[in-house]
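Asks:
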Amino acid sequence: MPVTREKPETSPVSSGDPEQQYPYAYDDAGRIAYDDDLHVPCPPHTTERKLVTKIDWRVVPFLCILYLLAFLDRVNISNANIFGLSSDLDLAVDNRFNTSLVIFFVPYVLFEIPSNILLKRLRPHVWLSGCMFMFGLVSICQGLVSNYGGLLTARFFLGLFETGMFPGCFYLIGMWYKRSEAQRRYSFFFSSTTLAGAFGGLLASAIGKMDGMRGYRGWRWIFILEGTLTCVVAISFFFLLPDFPEDAKWLTEEERAYVRARLRVDQGRSAAERPITLRDIGNVFKDYKVILGGFMYFGLIVPAYGYAYFSPGIIKNYGYSNIETQLHSVPPWAAAFAFAMLIAWGSDKTRHRFAFAIFPMCVCIAGFAILLSVYEKAYRKTEYAALFLVAMGAYSAMPVVVCWFQMNLGGHHRRAVGSAWQVGYGNIGGIIAVYAFLAKDAPRYIPGYSICLAFVCLSMISCVIYLIGVMYANRIRDRSATNVGLTETEKTEMGDMSPDYRYLL
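To convert, note that position 328 of the sequence shown is 443 in this note's numbering; the numbers rise steadily by one, no gaps.
(1) Do Leu504 and Ile485 have their C-beta atoms closer together than 9 Å?
(2) Helix, strand or coil: how does DSSP classify Pro360 here?
(3) Cβ atoms of Cys246 and Phe276: under 9 Å apart, would you say?
(4) What residue from Leu216, Met513, Arg466, Ser595 has the CA that sits closest to Gly541's CA?
(5) Does DSSP put Pro418 in a helix, a strand or coil?
(6) Would Gly525 pass as a contact of Met411 if the rule is Cβ separation under 9 Å?
(7) Suppose the cutoff is 8 Å on Cβ atoms and the five residues either side in sequence are ignored; what does the same chain contact list for Cys284 look like?
(8) Whole angstroms is fine: what's the gap from Phe520's alpha carbon to Gly533's?
(9) What do you get for Glu163, buried or exposed, if any count of 16 or more other CB atoms within 10 angstroms of its CB means buried?
(10) So, is Lys555 buried or exposed, given that buried needs 16 or more other C-beta atoms within 10 angstroms?
(11) For the alpha helix (DSSP H) holding His467, just list the boundary residues, first then last.
(12) Checking 9 Å against the spacing of the C-beta atoms, do Ile566 and Val224 come in under that value?
(13) Quick one: give me the first and last residue of the alpha helix (DSSP H) that Tyr263 is part of.
(14) Kindly indicate which three-state DSSP category Pro446 falls into: helix, strand or coil?
(15) Alpha carbons only, please: which of Val221, Asn589, Leu340, Phe226 is nearest the one belonging to Leu187?
(16) Would you report the Cα separation of Phe250 and Leu233, rounded to the nearest angstrom?
(17) Report, in whole angstroms, the separation of the C-beta atoms of Gln257 and Ser462, which I expect to be a contact under 8 Å.
(18) What residue range does the alpha helix (DSSP H) around Pro159 cover?
(19) Within a Cβ cutoff of 6 Å, which residues of the same chain sit near Leu206, ignoring the five residues on either side of it in sequence?
(20) What does the alpha-carbon distance come out to for the pair Ser306 and Ala313?
(21) Using 10 angstroms around the beta-carbon of Ser296, count the other beta-carbons present and answer buried if the total reaches 16, otherwise exposed.
(22) Please work out which residues of its chain come closer than 6 Å, Cβ to Cβ, to Ser302, disregarding the five sequence neighbours upstream and downstream, and give them in chain order.
(23) Could you check where the alpha helix (DSSP H) with Phe250 kicks off and where it finishes?
(24) Arg559 lies in the alpha helix (DSSP H); which residues open and close that run?
(25) What are the start and end residues of the alpha helix (DSSP H) that includes Lys293?
(26) Please state whether the Cβ-Cβ distance between Ala349 and Phe248 is less than 9 Å.
(27) For Val374, tell me which candidate among Lys404, Ser320, Ile288, Met575 has the shortest Cα-Cα distance.
(28) Can you tell me the Cβ-Cβ gap for Met476 and Met575, rounded? I've got them flagged as a contact below 8 Å.
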């Protein structure tokens, strides 16, 4: 039932607030009809549920496809390696394969914050589709390299052009949804990584059969065909990708005003009209909770990339052929997707994040504990089952951690900088993951499993400290006066540091 309130004698239009300058919908008793729990009046021709569904169809699917292809182009090197990449380019010596993986993370980490700033200035559909086309082109080039140096160069530019995809998409989702709505959308978006893993395994098993066609090895066709697909999709996405709510031409003026109003009540005013300055960036990093957000994600990146890059090789050591290895890599990714959706549903249903981040981490730890303690030919199925737990745990906890942190950042400025920081710093963990699984440690990979387990524990500890921090901040604000003489503009600039703001636990 919509919440109702008596019709006021004067309309809030007179207040001069552009976000409230649309007509109210009234019920039969002459009272304003509200369609959400924040008491923001909905335009008369629609309801909140219908409008959110409309946003879902115009925002989430495109971002999911974008990141699915980005992640696919990033990790398909592990599938290509099964089909002879290392032997053809002489990557088996001096850990060259690991180095070709790690070079990706250098620009990927360094340019996260600049990328989000450019996203805000150039508009998402321009920046994201442009970067998408370029990393698709670089992926094609990976299939044409003839030596180790060429592969390193291609991987560097792949990291450069992919740097803004993940934080940019997360940031954009956060600009469309209330905090209580965000987790399912975040998890569905993030789970495009698990779909990419499953899709990549199936695709690689098919493309691998093209080995020798037109003189190209199977691994080259993996890069060429998947990169070509990315470029084609990028061109269409220039016209299809959404921008911010205030720029959405597929919404009416009343709908845009309503979307802005509901987000303002839930998250604070956006401050979208002012460019981000160096002072804004510095102010964000004065908050210790922002630093904790980086460690929360950092601890999960190590097992996530460890699994993404090395699980095909681990599975191959179980005695499967090249094609069987690709096919056996699919089920753990599929299970991770289903589990992530279940966790996201529970988190949004209860409007709680902490417990739904910790539980998947425990599942991940259980998987690594099994892998560390069991290694016999008779227990191959047990080891394979442990890979399910690792994938399900890591890839279900990550979207909760990112959503929890980023949706607790109020306003465009703090969220743009904070989201890029979390992802940029967190992806340093990718460098650790790459060198945790060395060829000399195969097939048991004891150091790699141990390092991954330790970093999951680091993420758990960081989450506990972050929970204590936001609980303490909420308690202090509950006990303090909110009317401290701040103007609406000043509260906008403060974002989640405003005395009116309450963090989600």
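All C-beta atoms, glycine included, are put in the ideal place defined by N, C-alpha and C.
Predicted, not measured: the structure shown is a model, and the values here were computed from it.
Replies: A quick look at the data gives this:
(1) Locating residue 504 in the sequence shown gives position 389, where the first residue counts as 1. Locating residue 485 in the sequence shown gives position 370, where the first residue counts as 1. A contact, by the Cβ cut-off of 9 Å.
(2) Within the sequence shown, residue 360 is the residue found at index 245, counting from 1. Looking at Pro360 - three-state DSSP - the assignment turns out to be helix.
(3) Start at 1 with the first residue of the sequence shown, and residue 276 comes out as number 161. Start at 1 with the first residue of the sequence shown, and residue 246 comes out as number 131. Yes. Within cutoff.
(4) The residue given as residue 541 occupies position 426 in the sequence shown. That would be Met513, whose Cα lies nearest to the Cα of Gly541.
(5) The count along the sequence shown starts at 1 and reaches residue 418 at position 303. Reduced to three states, the DSSP call for Pro418 is helix.
(6) In the sequence shown, counting from the first residue as 1, residue 525 sits at position 410. In the sequence shown, counting from the first residue as 1, residue 411 sits at position 296. No, Cβ-Cβ distance for Gly525 and Met411 is not below 9 Å.
(7) On the sequence shown, position 169 is the one that residue 284 refers to. Result list for Cys284: Leu178, Leu181, Tyr182, Leu243, Phe304, in chain order.
(8) Position 405 of the sequence shown, counted from the first residue, corresponds to residue 520. Position 418 of the sequence shown, counted from the first residue, corresponds to residue 533. Rounded to the nearest angstrom, the two C-alpha atoms are 9 Å apart.
(9) Locating residue 163 in the sequence shown gives position 48, counting from the first residue. With 16 or more Cβ atoms within 10 Å of its Cβ, Glu163 is classed as buried.
(10) As a working note, residue 555 is residue 440 in the sequence shown. Burial state of Lys555 is exposed, judged by a 10 Å Cβ sphere holding fewer than 16 other Cβ atoms.
(11) Sequence index remark: in the sequence shown, residue 467 carries index 352 (1-based). Here His467 belongs to no alpha helix (DSSP H), and DSSP marks it neither H nor E.
(12) If you number the sequence shown from 1, residue 566 lands on position 451. If you number the sequence shown from 1, residue 224 lands on position 109. Not a contact, by the Cβ cut-off of 9 Å.
(13) One-based indexing of the sequence shown puts residue 263 at position 148. Counted as a single uninterrupted DSSP element, the alpha helix (DSSP H) harbouring Tyr263 occupies residues 263-277.
(14) Against the sequence shown, residue 446 aligns to sequence position 331. Pro446: helix per DSSP, three-state reduction.
(15) For this step, residue 187 is matched to residue 72 along the sequence shown. Looking at the Cα atoms, Leu340 is the closest of the given residues.
(16) For the purposes of this step, residue 250 is taken as the residue at position 135 of the sequence shown. For the purposes of this step, residue 233 is taken as the residue at position 118 of the sequence shown. The alpha-carbon atoms of Phe250 and Leu233 are separated by roughly 17 Å.
(17) Position 142 of the sequence shown, counted from the start, is the residue given in the question as residue 257. Position 347 of the sequence shown, counted from the start, is the residue given in the question as residue 462. That pair is no contact at about 37 Å.
(18) Here residue 159 refers to the residue found at position 44 when the sequence shown is read from its first residue. Note, Pro159: premise wrong, no alpha helix (DSSP H); not H, not E.
(19) On the sequence shown, residue 206 is found 91 positions in, with the first residue counted as 1. These residues qualify, in order along the chain: Phe212.
(20) Translated into the one-based positions of the sequence shown, residue 306 becomes position 191. Translated into the one-based positions of the sequence shown, residue 313 becomes position 198. For the pair Ser306 and Ala313, the Cα-to-Cα distance works out to about 11 Å.
(21) Residue numbering aside, residue 296 sits at position 181 when the sequence shown is read from its first letter. Contrary to the premise, residue 296 reads as Glu rather than Ser in this sequence. Buried, because 16 or more other Cβ atoms sit within 10 Å of the Cβ of Glu296.
(22) Here the question's residue 302 lines up with position 187 in the sequence shown. Closer than 6 Å at the Cβ level, and outside the excluded window around Ser302, lie Ala455, Ala459, Pro514.
(23) Locating residue 250 in the sequence shown gives position 135, where the first residue counts as 1. It spans 239-257 - the alpha helix (DSSP H) in which Phe250 sits, taken as one unbroken run.
(24) The residue you call residue 559 lines up with position 444 of the sequence shown. Premise fails: Arg559 is in no alpha helix (DSSP H) and is neither H nor E.
(25) For the purposes of this step, residue 293 is taken as residue 178 along the sequence shown, with counting starting at 1. Taken as a continuous stretch (DSSP letters only), Lys293 belongs to no alpha helix (DSSP H), as it is neither H nor E.
(26) Residue 349 sits at position 234 when you count from the first residue of the sequence shown. Residue 248 sits at position 133 when you count from the first residue of the sequence shown. Cβ distance < 9 Å, so Ala349 and Phe248 count as in contact.
(27) For the purposes of this step, residue 374 is taken as residue 259 along the sequence shown, with counting starting at 1. Residue Ile288 is the option with its Cα nearest to Val374.
(28) As a position in the sequence shown, residue 476 is number 361, starting the count at 1. As a position in the sequence shown, residue 575 is number 460, starting the count at 1. Indeed they touch by this definition, with Cβ atoms about 5 Å apart.
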